[in-house]
Amino acid sequence: MEALIAIAIGSLTASGVYLMLRQRTFPVIIGLTLLSYAVNVFIFAAGRIVPGLPAIIAKDAAGYTDPLPQALVLTAIVISFGMTAVIVLMALGSWLEAGHDKVDMDEEEETRA
Amino acid sequence: MMSHWIIAPVVLPAILAPLIVLVMRNDLTLQRIFGLAGTVALGAIAAALLIAASHNPPEAYLLGNWPAPFGIVLVLDRLSAMMLMLTAILALGVQLYVISTDWDARGRHFHALFLFQLMGLNGAFLTGDAFNLFVFFEVLLIASYGLMIHGAGKDRLRAGVQYIGFNLVASTLFLFALATVYAVTGTLNMADIAVKVAALPEGDAALIRAAAVLMLSVFAIKGALVPLQFWLPGTYANAPGPVAALFAIMTKVGAYAILRSSTLFFTPDSPAIGSMIGDLMLPAALVTLAIGAVGVLGATTLQRLAAFAGIASMGTIFTAFSAFTPAATSAALYYLIHSTLATAALFLIADLVTDRRGSARLDARPRIAQQGLIAGLFFVGAIALAGMPPLSGFIGKLLVLDAMRGDAPLIWTVVLLSSLLLILGFARAGSVLFWKSHATGEAPEPGHASEPLAFISVGALLAALVALTIFAGPVKDWLDLTATALHQPAGYIAANQLPWVN
Chain A
47 MEALIAIAIG SLTASGVYLM LRQRTFPVII GLTLLSYAVN VFIFAAGRIV
97 PGLPAIIAKD AAGYTDPLPQ ALVLTAIVIS FGMTAVIVLM ALGSWLEAGH
147 DKVDMDEEEE TRA
Chain B
-13 MMSHWIIAPV VLPAILAPLI VLVMRNDLTL QRIFGLAGTV ALGAIAAALL
37 IAASHNPPEA YLLGNWPAPF GIVLVLDRLS AMMLMLTAIL ALGVQLYVIS
87 TDWDARGRHF HALFLFQLMG LNGAFLTGDA FNLFVFFEVL LIASYGLMIH
137 GAGKDRLRAG VQYIGFNLVA STLFLFALAT VYAVTGTLNM ADIAVKVAAL
187 PEGDAALIRA AAVLMLSVFA IKGALVPLQF WLPGTYANAP GPVAALFAIM
237 TKVGAYAILR SSTLFFTPDS PAIGSMIGDL MLPAALVTLA IGAVGVLGAT
287 TLQRLAAFAG IASMGTIFTA FSAFTPAATS AALYYLIHST LATAALFLIA
337 DLVTDRRGSA RLDARPRIAQ QGLIAGLFFV GAIALAGMPP LSGFIGKLLV
387 LDAMRGDAPL IWTVVLLSSL LLILGFARAG SVLFWKSHAT GEAPEPGHAS
437 EPLAFISVGA LLAALVALTI FAGPVKDWLD LTATALHQPA GYIAANQLPW
487 VN
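Keeping their order, the protein sequence lines are chains A and B. Just so we're aligned, residue 47 is where the first sequence starts under our numbering, counting upward by one. Just so we're aligned, residue -13 is where the second sequence starts under our numbering, counting upward by one.
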């Protein structure tokens, strides 16, 4: 279980970083999304992985799983969802304005204002 | 007594901003009146909190009255009160400038975004909970995304995509750091983290060190510490002038977060952390200073010049932070106040110049309207940022140098040489912009609206620097007490009333 989750976080992060370093906005955004998936699983694992135990008080519970990371993940998901929406719109706007979707700005663009 | 006022700097803009969007979205005059009233009210609240924090020990505000560490707390201490006051002063200057130059008419919802930005900043300075700090970072960032592309345009949108991309990566790293801290200490309340890290079992030292470095890298991205400063020049140079001026406080959020975390929970006193942070920060800070100075010398536009001057000032601040002594911290805080106001003033002056010349490039062009006055303001701003006497930049650098005598040969050389480069860079920019215009021999640019309020707001920011110079003695005494309190966080921890701390 631990190994599986660790591998999942690792491969999500690696693919995320690779895609983020691409030149076009679309793969960059996908990369950011993968990174945020990786961190969500990571936060979840920070509360220790315990299968089959409740997060809320129950009479017949043998033990509990830590509910706080679940709340944190929820916050993180909401925020990263919103932020992804913002960057998608911005990327769309800059593609429509500039006519291409390269992430880098060249010298002339940087110094023109 | 004061307790409920602690949350006012967050609640007031949180109520006012949606009201502006929903009720006044078609009436710019109403937006201006309410936006300005909100900023003035924030200034008054910040002043009251500043007075309260100067006389009382740190005070915690329990949200929902849940006891710490189970609920989220806001903590008011001298440092957070000072940052609130600085934000309010800067915001007032920028907002007056925006209203005078009609920047808020070039796009929609400027004043609402501006207030949301202030809400995020105030929250980040007040919160005593590490995850809540992340949330307020996101609040201030999402408002800053909107402000950065205010008025739109191709280059601004493309620079905006880069800016958002950088910050999304930073947010992801922040979450990784927070999750690691939580996994090791089992808490996210900053005071509780401090207690837990101080008594950490030896086996967990490596994990908490990894978390500390991750978290400090996130704050270093915000604070534009080399090698994480790449986002800053492009963002600031392409943002609207007054927004770039407001962003002068954004790098200071990074500085504040580094100072808070490295004096409260990742302290050099705890065996798990040791001198690691200072050892990493000093070389990075000196390189930041050097890159800022070289950037000023090589800048091709006035906006990039101001951005690099901002990077150089962050270098000075982080150099002083890395010593972790009360004297150095107090010097750094003095320089922080100075550089926030000076950088903002320079961005506003750059906007005045660009607006009249029609181009930001540093090249010889015909005279502009009100050239003499603008040149005078630029001269004062340049003196302040380069750290020449008689303004507060000089006093700030002197205090930093005095506090860093331990490593004098290296640090003094870098600081003094970079100051020389800054003077050269500003002198070059000023002479090209204002003196060579006479040599072109062409007819002056046509007239321009006189915008007295814009000049008053730039003048007011520069006047604040003069006041900071004249009252350097009392300010320094106050900052000394602040720095001493920061380096002995017992008061801050006690304010949280943790059940396991007497």
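Note that beta-carbon positions come from the ideal geometry of N, C-alpha and C, so glycine has one too. Keep in mind that this is a model prediction, so the values were computed, not measured.
query, result
"Cβ neighbour criterion (16 or more within 10 Å) applied to A/P115", "buried"
"8 Å Cβ cutoff, A/E48 in contact with chain B", "no"
"Neighbour list for A/G139 in chain B, Cβ cutoff strictly below 7 Å", "L143"
"Own chain residues within Cβ distance below 8 Å of B/H434, not counting five before or after", "D341, R342, I354, A355, Q356"
"Neighbour list for A/S82 in chain B, Cβ cutoff strictly below 7 Å", "T158"
"Span of the alpha helix (DSSP H) around B/A46", "That residue, B/A46, is in no alpha helix (DSSP H); its beta strand (DSSP E) goes 45 to 48."
"Residue range of the alpha helix (DSSP H) that includes B/V239", "227 to 250"
"Neighbourhood of B/V400 by C-beta distance below 7 Å, restricted to the same chain and skipping five residues each side", "L272, L275, A276"
"Simplified DSSP state of B/N482, which is helix, strand or coil", "coil"
"Where the beta strand (DSSP E) containing B/L60 begins and where it ends", "59 to 62"
"Exposure label - A/V124; buried when at least 16 CB within 10 Å", "exposed"
"is_contact[B/E124, chain A] using C-beta, thresh 8 Å", "yes"
"Proximity winner among B/I323, B/A295, B/R347, B/I381, relative to B/L371 (alpha-carbon distances)", "B/A295"
"Contacting residues, own chain, Cβ-Cβ under 6 Å from B/A206 (five flanking each side not counted)", "L214"
"A/I55 to B/V487 span [Cα, whole Å]", "37 Å"
"Short CB-CB distance (under 8 Å) between A/I89 and chain B", "yes"
"Secondary structure of A/K148, DSSP reduced to three states", "strand"
"Neighbouring residues, chain A, relative to B/T166 (Cβ below 9 Å)", "F88, A92"
"Sequence-distant residues of its chain with Cβ nearer than 6 Å to A/V63 (five each side left out)", "none"
"Other residues of its chain near B/S248: CB distance less than 6 Å, five sequence neighbours each side excluded", "I263"
"Boundaries (first-last residue) of the alpha helix (DSSP H) holding B/W515", "This structure cannot speak to residue 515 of chain B, because chain B is shown only from -13 to 488."
"Residues that A/T121 bridges to, as DSSP identifies them", "A/T121 is not bridged to any residue."
"Straight-line Cα distance separating B/I303 from B/H(-10)", "33 Å"
"Minimum C-alpha distance to A/G128 - residue among B/L78, B/A129, B/I31, B/L484", "B/A129"
"B/L78 versus B/A231, B/D178, B/L268, residue with shortest Cα-Cα distance", "B/A231"
"Cβ neighbours of A/A159 in the same chain (closer than 6 Å, five flanking residues each side left out)", "Legend: pLDDT at A/A159 = 48, less than 50; position of this residue unreliable, no value from coordinates given."
"Reduced DSSP category for B/R489 - H, G, I as helix; E, B as strand; rest coil", "A query on residue 489 of chain B cannot be resolved here, the shown segment of chain B reaching from -13 to 488 and no further."
"Neighbour list for A/A122 in chain B, Cβ cutoff strictly below 7 Å", "L161"
"Contact set between the stretch 95 to 118 of chain A and chain B, restricted to residues whose Cβ is under 8 Å from the partner", "L114, P115, L118"
"Where B/G260 meets chain A, residues with beta-carbon distance less than 7 Å", "The premise fails here: B/G260 is roughly 24 Å from chain A at the closest Cβ pair, so nothing lies under 7 Å."
"Beta-carbon neighbours of A/I125, restricted to chain B and to distances below 7 Å", "E124"
"Three-pair Cβ contact test at 8 Å for the stretch 23 to 36 of chain B versus the stretch -7 to 8 of chain B", "yes"
"Residue-level contact to chain B via CB, A/L78, 8 Å cutoff", "yes"
"A/A159 at chain B interface by Cβ criterion, 8 Å", "Summary for A/A159: the model assigns pLDDT 48, below 50, so the residue's position carries little reliability; its value from the coordinates is reported in the next sentence. Cβ-Cβ to chain B under 8 Å: yes for A/A159."
"Sequence-distant residues of its chain with Cβ nearer than 7 Å to A/D150 (five each side left out)", "Q69"
"Beta carbon of B/G281 nearer than 8 Å to that of B/I244", "no"
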